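Reviewing the structure listed below.
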Amino acid sequence: MTRIDQEAEEAQRKLKRQNGEDPALPPFCPLFASLGNILQCDVLLGMLGAVLQWAMEPSGGHWSESMLQRVLHLIGMALLEEQQQLENIGDDDEVTFNFTLKISPCMKQCCTEQMTECLDWIMAECKNLYSKFLQSMAISFIQKSDG
Numbered sequence: 001m002t003r004i005d006q007e008a009e010e011a012q013r014k015l016k017r018q019n020g021e022d023p024a025l026p027p028f029c030p031l032f033a034s035l036g037n038i039l040q041c042d043v044l045l046g047m048l049g050a051v052l053q054w055a056m057e058p059s060g061g062h063w064s065e066s067m068l069q070r071v072l073h074l075i076g077m078a079l080l081e082e083q084q085q086l087e088n089i090g091d092d093d094e095v096t097f098n099f100t101l102k103i104s105p106c107m108k109q110c111c112t113e114q115m116t117e118c119l120d121w122i123m124a125e126c127k128n129l130y131s132k133f134l135q136s137m138a139i140s141f142i143q144k145s146d147g
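This is the structure we're talking about:
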């Protein structure tokens, strides 16, 4: 990519931000669709919880700011992936991505004053996605019982 291309792309992004358009991540192509499951595997959730726990400790010697930023980035990616799946779910489809249910206990344990605002936003997103999930389940249940 040339410098002119990069500048043109930056100008387009800036214009979209000014217009209030929120760029959504494209879905994974079918070949890489299973990569989303890495975001909700127990090992990754354990590492996310460990970094958040380390950030909460007063000694603070086991984590760095970049580690915390990466953890919050991965949490945000997982929330976006779950939101996209909930928005694109059909009547007969089953929800397979349940990040919010798996991360909620970890988030409740790791709440500190420094991270309160960010974690409040993350928990609000979790609750929002969970309520959407419950609504979609209720609608599909009503449709199945009527049919």
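First residue of the sequence shown? That's 1 in the UniProt record's numbering, and the numbers climb one at a time after it. Glycine included, each C-beta is placed from N, C-alpha and C at the ideal position. Predicted, not measured: the structure shown is a model, and the values here were computed from it.
Backbone CA spacing between residue i and residue j [nearest angstrom]
{"i": "C126", "j": "E81", "result": "12 Å"}
{"i": "Q40", "j": "G49", "result": "12 Å"}
{"i": "E87", "j": "I103", "result": "20 Å"}
{"i": "residue 154", "j": "E94", "result": "Since the displayed the chain opens at 1 and closes at 147, residue 154 lies outside it and no answer follows."}
Residue i, enclosing alpha helix (DSSP H) - first and last residue
{"i": "Q6", "result": "3–18"}
{"i": "L52", "result": "42–56"}
Buried versus exposed, by CB contacts within 10 Å (16 or more), residue i
{"i": "Q18", "result": "exposed"}
{"i": "G61", "result": "exposed"}
{"i": "A78", "result": "buried"}
8 Å contact criterion, which residue i and residue j should meet: CB distance rounded
{"i": "L129", "j": "T100", "result": "5 Å"}
{"i": "C118", "j": "L52", "result": "Not really, about 10 Å apart at Cβ, beyond 8 Å."}
{"i": "I89", "j": "I122", "result": "Actually they are not in contact, since the Cβ atoms of I89 and I122 sit about 22 Å apart, beyond 8 Å."}
Three-state secondary structure (DSSP) of residue i
{"i": "E94", "result": "coil"}
{"i": "I89", "result": "coil"}
{"i": "W63", "result": "coil"}
{"i": "F32", "result": "helix"}
{"i": "P105", "result": "helix"}
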